[in-house]
Each structure stands twice: as C-alpha cells, then as structure tokens.
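Structure first, commentary second.
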Amino acid sequence: MIVRLGRSAVTKATRNARRLSQKAPKTEPRATVRPTKQMVVTELKEVGKLMVGGLAVTSALIASGGFVIETVKTLNPMDPPGFMVQVSGPDGELTDVHVQRRGEGDVTVLFDGGVGETSFDWDKVAQEVGTFAAVVSVDRPGLGFSKPGALPRTSTQIVAEYKQILEKLEIKGKVVLVAHGAGGYNMRELAQELQTETGIGPKCQGLVLVDALQENLRGELESVSEVVHKLLSDMDSNGEMVLRLSRLGIIRPFKVVKHIQLATTDTPNSF
Numbered sequence: 001m002i003v004r005l006g007r008s009a010v011t012k013a014t015r016n017a018r019r020l021s022q023k024a025p026k027t028e029p030r031a032t033v034r035p036t037k038q039m040v041v042t043e044l045k046e047v048g049k050l051m052v053g054g055l056a057v058t059s060a061l062i063a064s065g066g067f068v069i070e071t072v073k074t075l076n077p078m079d080p081p082g083f084m085v086q087v088s089g090p091d092g093e094l095t096d097v098h099v100q101r102r103g104e105g106d107v108t109v110l111f112d113g114g115v116g117e118t119s120f121d122w123d124k125v126a127q128e129v130g131t132f133a134a135v136v137s138v139d140r141p142g143l144g145f146s147k148p149g150a151l152p153r154t155s156t157q158i159v160a161e162y163k164q165i166l167e168k169l170e171i172k173g174k175v176v177l178v179a180h181g182a183g184g185y186n187m188r189e190l191a192q193e194l195q196t197e198t199g200i201g202p203k204c205q206g207l208v209l210v211d212a213l214q215e216n217l218r219g220e221l222e223s224v225s226e227v228v229h230k231l232l233s234d235m236d237s238n239g240e241m242v243l244r245l246s247r248l249g250i251i252r253p254f255k256v257v258k259h260i261q262l263a264t265t266d267t268p269n270s271f
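Heads up: the sequence shown at position 113 corresponds to 113 in full-length UniProt numbering, and the numbers run straight through without jumps.
Below is the structure:
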C-alpha cells in the first residue's frame with residue numbers, strides 16, 4: 001500500500017529536520033599535538049625502565065633456577081666412575097681423593113692437570129695410553145669428586161698427596177709423569193723427589209710437560225707492562241666471583257660451550 005503525503009506534511013517534516021540539525025552540537029576539529037623533545041625523552045625513560053625491570057626479573061629467574069639445579073646435584077651426587085683414596089694432611093686430617101685407573105703395563109703414567117682441571121680432562125688421552133701402559137689420573141682435593149684438602153694448596157702439599165696415592169695403589173717401578181699448565185709445578189717437584197728416594201718405591205723415568213708453567217712466568221708477565229700487571233691482578237680477584245657464580249649454575253653453560261668449541265676445533269685432524 002502506498003501512502004502519499006500532502007505538501008503541508010512534507011514541509012513540516014523538513015522544518016523539524018532543520019530544527020534538530022541546528023540544535024545538534026558542532027564538533028570542533030581536534031588539535032594536532034606535536035611531540036616535544038621532553039615527551040620523547042620521558043617515553044624512552046619509561047621504556048628503559050620496563051626493559052631493565054624485565055631483564056632483572058629474567059636474570060633472577062635464571063639465577064634461582066641455576067641455584068636449584070646446583071643444590072639438587074649436591075643433594076643427589078653422582079657416583080664417581082673411579083674409586084676413593086684417603087690421604088692425610090700435615091695436621092693428620094683425612095681427605096677422600098677420587099682416582100681413576102686404566103690399563104696395565106710395566107710403566108705407570110700419572111696425569112696431573114692445570115688450574116681447575118680434573119681427571120676427566122685426560123679421558124681421551126688416558127684411554128689411548130691405557131692400551132699400552134697403566135694409567136692413573138686424579139681429581140686433586142677440592143676438584144671433581146674429591147673432597148677439599150689441606151690448605152694452603154701448595155705444590156709441596158700436592159706432591160705429598162700424590163706420593164701417598166702412589167703408595168696406597170702399590171705402584172712400584174717405572175713412572176712417567178705428565179703435567180699440563182700449573183700442574184707442571186707439581187710434577188716437576190714430584191719427579192725430583194722420586195728420583196732422590198731409595199727403596200723399591202716408584203722411580204720417575206720420564207717427565208712430559210704439556211704447555212706447562214714455570215716459576216718465573218708470573219714475574220716475567222707482570223714486567224711486560226702495567227696493563228698486563230693490572231689484568232693479572234684482576235684475574236686473581238675474579239676467583240671469588242667465579243666461585244659465587246658457580247653456586248648459581250652460571251659458570252656451567254660457559255664451560256659446556258667451551259667444551260663444544262674445543263671438540264670441534266681441537267680434533268686429531270687439526271694438528
């Protein structure tokens with residue numbers, strides 16, 4: 001059905017529409033705000049605070065997670081692959097030392113690592129040497145599976161411990177000493193003592209020094225320049241910090257990455 005409106009009705013509707021349009025508020029155009037330098041700096045500061053806060057929270061989570069892992073490892077220790085030998089200190093205190101033994105032969109090869117190195121650092125070498133000789137590798141007290149030993153950890157103290165280990169293992173005859181890094185101090189002193197001793201005990205028949213250090217090295221390096229002297233001092237002071245970080249599990253990933261790098265670069269074909 002179609003309804004036709006008269007002229008008067010159309011005119012009235014048009015007037016009402018105009019009246020409503022006049023009463024409606026007119027919208028003012030929004031003013032354009034141009035960012036000032038101060039506004040940009042403020043925003044950057046706020047973003048920086050959020051980033052620092054997020055980094056702090058992430059670091060705290062990583063540290064706490066590492067601490068839990070290291071604590072669990074301490075509460076649930078692994079079984080050592082070797083066996084324990086007790087050695088005594090100058091005051092009679094006893095220390096359990098972890099020893100690994102491989103192979104058989106008329107000659108016994110004793111391995112000693114550098115700073116922080118354990119018997120496991122010699123695994124691949126010891127495996128090959130064990131095919132033709134008896135091999136002994138040791139976690140020095142305070143390293144690996146060994147308990148902390150008598151202080152201070154001088155070469156004289158370490159040599160006394162090695163002599164006790166050789167005696168308890170009933171090693172007699174020919175002994176070849178192998179040392180890496182700072183272990184050179186220990187093995188050179190041990191070689192001298194075994195040479196001068198009498199009886200049926202072990203006798204040093206050879207000394208192999210693998211990139212070993214010598215007593216005058218520190219003084220020679222410090223005399224190079226003040227920069228080197230400062231770097232060596234910083235390295236000494238970093239020891240305590242490394243121990244603290246190790247309790248949080250932070251050092252372990254760096255060591256894993258380093259071992260992976262060495263495994264890919266230091267292969268038999270690379271020499």
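Yeah, the Cβ is synthetic: ideal placement off N, Cα and C, and Gly gets one too.
| query | result |
| --- | --- |
| Residue burial classification, Thr95 (beta-carbon count within 10 angstroms, cutoff 16) | buried |
| Beta-carbon separation (whole angstroms), Gly184 vs Leu209, contact threshold 8 Å | 5 Å |
| DSSP three-state assignment for Met78, whether helix, strand or coil | coil |
| Cut-off 6 Å between Cβ atoms - residues of its own chain near Pro80, not counting five sequence neighbours on either side | His98, Phe145 |
| Beta carbon of Ala191 nearer than 8 Å to that of Leu217 | no |
| Whole-angstrom C-beta distance between Val224 and Pro202, which should lie under 8 Å | With 8 Å as the limit, Pro202 and Val224 do not qualify as a contact, their Cβ atoms being about 39 Å apart. |
| Separation of Leu231 from Met241, as counted between CA atoms | 15 Å |
| Candidates Asp91, Pro141, Gln127, Gly48: closest to Val85 by CA position | Pro141 |
| Straight-line gap, Ser237 to Gly53 (C-alpha atoms, nearest Å) | 29 Å |
| Residue-level contact to chain C via CB, Lys203, 8 Å cutoff | Among the chains in the structure shown there is no chain C, since it carries only a single protein chain. |
| Closest by C-alpha distance to Ser88, when choosing among Leu151, Thr42, Met187 | Leu151 |
| Residue environment, Leu194, which counts as buried when at least 16 other CB atoms sit within 10 Å | buried |
| Endpoints, alpha helix (DSSP H) assigned at Arg218 | 217-222 |
| Exposure of Gln261, with buried meaning 16 or more beta-carbon neighbours within 10 Å | exposed |
| Whether Val138 touches Val109 by CB criterion (8 Å) | no |
| Asp112 vs Ala179 beta-carbon contact at 8 Å | yes |
| Terminal residues of the beta strand (DSSP E) in which Arg102 lies | 94-102 |
| Whole-number beta carbon distance between Gly105 and Ala134, since they are thought to touch under 8 Å | 5 Å |
| Rounded straight-line distance, which links the Cα of Asn186 to that of Glu226 | 29 Å |
| Proximity below 8 Å, CB of Arg101 to CB of Gly114 | no |
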